[in-house]
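Those sequence lines, one after another, are chains B and R. This note's numbering puts the first residue of the first sequence at 1, with every later residue one more than the last. This note's numbering puts the first residue of the second sequence at 1, with every later residue one more than the last. By construction, the Cβ of each residue, glycine as well, lies at the ideal position given by its N, Cα and C atoms. Owing to the predicted nature of the structure, the values given are computational and were not obtained by experimental measurement. The structure under discussion appears below in the form of structure tokens.
Number of protein chains: 2
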Amino acid sequence: MNEKPKLYLIPSPLGDNPVQEVVSEKVLRCAASLEIFVVEQVRTARRVLSRYGLKGRIDSLEFHELNEHTTLQEVKALLELFKRGSVGLISEAGLPAVADPGALLVDLCHRNGISVVPLVGPSSLMMALMSSGLNGQKFTFNGYLSAKTEERRKQLRELEKTALRDHCSQLFIETPYRNDALFADILSVLSPSMRVCVAADITLESEFILCDSVQNWRKKQDFKIGKRPCVFIISESLI
Amino acid sequence: MNEKPKLYLIPSPLGDNPVQEVVSEKVLRCAASLEIFVVEQVRTARRVLSRYGLKGRIDSLEFHELNEHTTLQEVKALLELFKRGSVGLISEAGLPAVADPGALLVDLCHRNGISVVPLVGPSSLMMALMSSGLNGQKFTFNGYLSAKTEERRKQLRELEKTALRDHCSQLFIETPYRNDALFADILSVLSPSMRVCVAADITLESEFILCDSVQNWRKKQDFKIGKRPCVFIISESLI
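Following this line, the structure appears as structure tokens:
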């Protein structure tokens, strides 16, 4: 390659569905053109690249881990890789560098004149939002709420207040085994007319995306989300 | 089709690049399986579907417009379509129903027990965010700022305050011909250490994504964004 080395942001599938369902040909072609990868976990990244058609040459590829244990100094050292060619960044699932330590490498690339190229892939946040019918003109992603019940309920009340005051949909996620505890808190704390979207297992066979008012949700006694990756959205009703 | 009719959210390319670059095979397959489409503009949607391989049968497809002129009553009437089969929703560019009138149809589908199925496609917001290296653990999309200079500057000061207080990246967009006026305001109003990402022409040949501090941006006197679709992000520095 004579081109100036770049950082390619390589999306991963959100689960075990066929890769043609969730990424474009360009992702497969780009992944196949690279030899150096910075990944959140080598084991996962090898599996993703195998699914992207690199199975036969996985052992000839170069992997460097970048995760929550990596120091700033170590990330800075990764910039040396670009002297030898372009680098692919891969996270555990979905789009890399959105809410994972890879963002630090992206930041350092900008500070060192290395171009960053994003590729199209599944974003559970945007797929949840587009499927919710809720306000997408203004929205906030809040990451994880507190694991402590009282604190979490307080946060939910704050999120409702902000959603109503700023006409701003509020997105958040939860560790899968706590989904149903969080959902119970949502139903107990929010006003009856607030709308709540539950978007689980996005892009998978088992995907379900449901959106209803708190008062209607409260009638569905048997509903359980279970331990699945899930995006929650709360918003005022638009109609 | 014996399956219960659904609403499929069909993404569009962000420009004239080959569709294989930006959407998965599943999008092409799904578009080809549908006969009824709700679209923001028939002309644009016909062009998108032609590029998705439906060129020969465009005239046999059924199109219904849903845009800012459509009344709630008219959107409700669109629910009748599902009695005849599944429906594809297509917006002007990128993901449908995120910040366009299509959201109303999605909302009504949820209220009437019609499943909504999102497909993977290009989201300029998420592609800008992942490429910025800025905080993706918490972020707000603010839509368009005011077109009036004084009001816009006030909003920018507020966004900076919120970004710093809540550690929350702030995304916004602008009508392309006002990009450079907005950018000048950003540089004149924000603190020198704030980071500003400019992500223009995402997924296109002419794509550029630059992220730097306000003080460094101020030194690049010749820089112009021009009339391109562009996402702006402001955030505190993470390192």
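The stretch 108–122 of chain B and the stretch 84–93 of chain R do not touch, with fewer than 3 CB-CB distances between them shorter than 8 Å. Not one beta carbon of chain R lies nearer than 9 Å to the beta carbon of V48(B). Within the same chain, Cβ atoms closer than 8 Å to the Cβ of E92(R) are found at S12, E40, Q41, T44 and D100, the five residues on either side in sequence being excluded.
According to the DSSP secondary-structure assignment, D212(R) is paired through a beta bridge with V196(R). Remark: C-beta atoms of N135(B) and E236(B) approach each other more closely than 9 Å.
Interface annotation, P122(B): in contact with chain R, CB-CB separation under 9 Å.
In the DSSP assignment, I36(B) is bridged to E62(B) and V87(B).
Partner residues in the beta bridge of L171(R), as assigned by DSSP, are F141(R) and I233(R). Burial is judged here by how many other beta carbons sit within 10 angstroms of a residue's own beta carbon; E174(R) has at least 16 and is buried. Close to K138(R), with beta-carbon spacing below 7 Å, are these residues of chain B in chain order: F141, N142 and G143.
Secondary structure note for I186(R): its alpha helix (DSSP H) is the uninterrupted segment N179 to V189. Measuring C-alpha to C-alpha distances from L171(R) to each of P96(R), M127(R), A184(R) and G226(R) identifies M127(R) as the nearest.
Pairing K6(B) with K6(R), the inter-Cα distance amounts to about 41 Å.
Excluding sequence positions up to five before and after L182(R), its CB lies within less than 6 Å of the CB of E174, all in the same chain and listed in chain order. Less than 9 Å separates the beta-carbon of R46(B) from that of F63(B). Here the alpha carbons of I36(R) and E21(R) stand approximately 25 Å from one another. Those residues of the stretch 153–178 of chain R placed with their C-beta closer than 8 Å to a C-beta in chain B are C168, ordered along the chain.
For D16(R), no CB of chain B lies under 9 Å from its own CB, so it is not counted at the interface with that chain.
When the beta-carbon positions are compared, P122(R) and L14(R) come within less than 9 Å of each other. Between N135(R) and chain B, the shortest Cβ-Cβ separation is below 9 Å. Cβ contact annotation for V189(R) (same chain, cutoff 8 Å, sequence separation greater than five): R153, L156, R157 and E160, in chain order.
With fewer than 16 other beta carbons inside 10 angstroms of its own, G53(B) counts as exposed. One thing to note: L89(B) has its Cβ within 9 Å of the Cβ of V38(B). DSSP places V117(R) inside the beta strand (DSSP E), whose first and last residues are V116 to P118. Linking V75(B) to E65(B) through their CA atoms gives a straight-line distance of about 9 Å. R195(R) sits buried, since 16 or more C-beta atoms from the chains shown fall within 10 Å of its C-beta. Distance from the Cα of L145(R) is smallest, within the candidate group I233(R), Y8(R) and V19(R), for I233(R). In terms of CA proximity to D222(B), A184(B) leads the group A184(B), L9(B), S206(B) and C230(B). Each of L104(B), V116(B) and E151(B) was checked against the Cα of T70(B), and the nearest Cα belongs to L104(B). For H69(B), no Cβ of chain R is located within less than 9 Å of the residue's own Cβ.
Counting only the Cα atoms, G94(B) lies some 27 Å from E3(B). Rounded to the nearest whole angstrom, the C-alpha separation of T162(R) and G56(R) is 51 Å. In terms of beta-carbon proximity, D222(B) stays away from the interface with chain R, with every pair separated by 9 Å or more. With the criterion set as a beta carbon lying under 9 Å from some beta carbon of chain B, the members of the stretch 106–120 of chain R are V106, D107, L108, C109, H110, R111, S115, V116, V117, P118, L119 and V120, in sequence order. Of the candidates P18(R), Y8(R), I10(R) and S213(R), P18(R) places its Cα closest to the Cα of L204(R). Contact with chain B is absent for I90(R), since none of that chain's Cβ atoms lies less than 9 Å from the residue's Cβ.
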